[in-house]
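What follows is one structure encoded as structure tokens, with my remarks underneath.
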Amino acid sequence: MRPLALGLLVAWLPAQAVDFDRAVAAGLPDSAAAESALQHFLRIAPGPDRDDRLAGSIVVAYRAGNLLQGCRLFRAAREANRTDRDSVPTYLRCLAALGDGHEFVTQARAARVDDPTAFAGVLAADEALLLPIADDLLRSGSTAEGLWLFDALASGLPAHASRFANLALALRHTADLVGAKHAYERALELAPGDPWTWNDYGLLLRVSGDQAGARAAFLRSLALDAKLGEGPSITNLVLDGVLMSAVVDPLAWAEQALATRPSAALLRRAVIDLVLRRAGKPVLQQQPDNRARGR
């Protein structure tokens, strides 16, 4: 006679697959339900029943918030050749939530080719997570990966000025001034009335040696401020006066700007330096106001 405990175990193990299927069919209304379903799956004995549910278990793990388990299950499914259309984007979402930029970009490159629609869905769902990941990749020296991700967000989602402005800033920081110029121009096509993008574009033109173009961009930015001087362009116009002969006198505008934001230390310092320069006194070189970065 078979021992009672062993008989109960034999009956209990197949029931885990049934319970998992029922939980998935019920729609996993919350993370607790997803975690319960995940535990049912993890109790399924190795074999066909488990393999048949590997791909689905990845989505369940993600819905449960068990991101590391989701990654482990995806790798197991990939080794067993049991991935499906939903498991790949879910794996990408796990990686995005974990902040694993290197693995995300590695997998995303292939996913973008294999299933562009699903990949675009990941970008749309997790853009807020992917922007800092792209920035971290750039800052850590993984330049190609960071730029690829910034470009994917700009070109793989509906065209939006902020996405192209972020790409432009990334390109500028990697010294691709031509690429940055094209990206800023695309951003300005999409949002010609955005003072922040005009200011950033002016900074790029200044670095590129186009001082007249930079000044024109700063003036355009200033004219677009909802309240004169609330944006960063007035500081950059004052710096123009400090660093070279200004075509226009920005001091009256700067006075209004300081009334709007009296705590603007960089602007106040630039105004003092401009006054000193005009009096023939030595001044310290100031940095531009680029508060619009990282939008």
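Each residue of the sequence shown is one higher than the one before, counting from 15 in my numbering. For glycine and all other residues, C-beta sits at the position ideal for the given N, C-alpha and C.
Which residue wins for smallest C-alpha separation from residue i, given the options the options?
i, options, result
"S227", "L272, E244, E199", "The sequence as given places Gly at residue 227; Ser does not occur at that position. For G227, the nearest C-alpha among the options comes from E199."
"G207", "F232, D224, L163, G79", "F232"
"G115", "F88, A268, D150, E93", "D150"
"E244", "R107, A278, A39, G113", "A278"
"A69", "T274, G79, R89, H54", "R89"
"E159", "S176, L137, I58, A122", "A122"
"L137", "G113, L106, R153", "L106"
"R342", "T104, D263, T249", "What is shown of the chain runs 15 to 309, which leaves residue 342 out entirely."
"V32", "D63, D44, P43, A268", "D63"
"A46", "L152, A139, R77, R177", "R77"
Helix or strand or just coil, what does DSSP make of residue i?
i, result
"A125", "helix"
"P62", "helix"
"R275", "coil"
"H174", "coil"
"A78", "coil"
"M15", "The predicted position of M15 is uncertain, since its pLDDT is 45 and thus under 50; a value taken from the coordinates is nonetheless stated next. It is coil, neither helix nor strand."
"T97", "coil"
"K241", "coil"
"L145", "helix"
"G115", "helix"
"R57", "coil"
"A189", "coil"
"D44", "coil"
"R67", "coil"
"G160", "helix"
"P264", "coil"
Give the C-beta separation of residue i and residue j to the nearest angstrom, bearing in mind that I take them to be a contact with Cβ-Cβ under 8 Å.
i, j, result
"G170", "F133", "7 Å"
"I315", "G61", "This structure does not reach residue 315, given that the chain is present from 15 up to 309, and the question cannot be answered."
"D128", "R96", "Not a contact, Cβ separation roughly 16 Å."
"M184", "A201", "Looking at the sequence shown, residue 184 is not Met but Ala. With 8 Å as the limit, A184 and A201 do not qualify as a contact, their Cβ atoms being about 13 Å apart."
"L253", "A268", "No, L253 and A268 are not in contact; Cβ-Cβ is about 11 Å, not under 8 Å."
"L272", "L251", "About 13 Å; that fails the 8 Å criterion."
Can you name, in chain order, every residue of its own chain whose Cβ lies under 7 Å from the Cβ of residue i, other than the five neighbours on each side?
i, result
"L181", "F164, D165, A168, A197"
"T157", "T188"
"L219", "G227, A228, A231"
"A111", "L81, L143"
"P264", "I248, L251, V252, G255"
Who are the Cβ neighbours of residue i in its own chain at under 6 Å, not counting the five residues just before and after it?
i, result
"V74", "A48, A51, L52"
"Q30", "H54, R57, I58"
"A293", "none"
"A25", "Note that A25 scores a pLDDT of 45, beneath 50, so its modelled location is shaky; the value from the coordinates is reported in the next line. Taken in chain order, the list of residues that qualify is empty."
Give every residue of the same chain whose Cβ lies closer than 8 Å to the Cβ of residue i, excluding the five residues on either side of it in the sequence, and list them in chain order.
i, result
"Q270", "L242, G243"
"V221", "R186, L191"
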